[in-house]
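Just below is one structure, and these are the notes that go with it.
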């Protein structure tokens, strides 16, 4: 929903949205319009996932981290600096969580 909302605000289509188990990034956006988000964002406060969605959608307009990109990002998510700081200071704890099932549950 957040990706769709930000894409509509930007007036750019998203070709495909996927969730993955990532340990080194929160999301990505391809030049073709494919956006990937880490499913681990569900463990963060909702506004953090909203920021990452806005950040990746901003790449539909600017495929870099230039001043122009950050201007688009700020337009989509004005409090992006606070959300980015949250990820820098607390995000690693979400990346370290491992889930394992007992062997008999996998059989």
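Residue numbers (this note's numbering): 558 to 664. Beta carbons are placed, not taken as given, at the ideal position from N, Cα and C, and that holds for glycine.
According to the DSSP secondary-structure assignment, residue 586 is paired through a beta bridge with 592.
In this structure, DSSP gives residue 576 an extended state, which the three-state scheme calls strand. Annotation: the stretch 622-652 contains the following complete segments of the alpha helix (DSSP H) (minimum length 4 residues), in chain order: 624-633. Of the other Cβ atoms in all chains shown, 16 or more fall within 10 Å of the Cβ of residue 613; this residue is therefore buried. Assignment of residue 613 by DSSP, reduced to helix, strand and coil, places it in the helix class.
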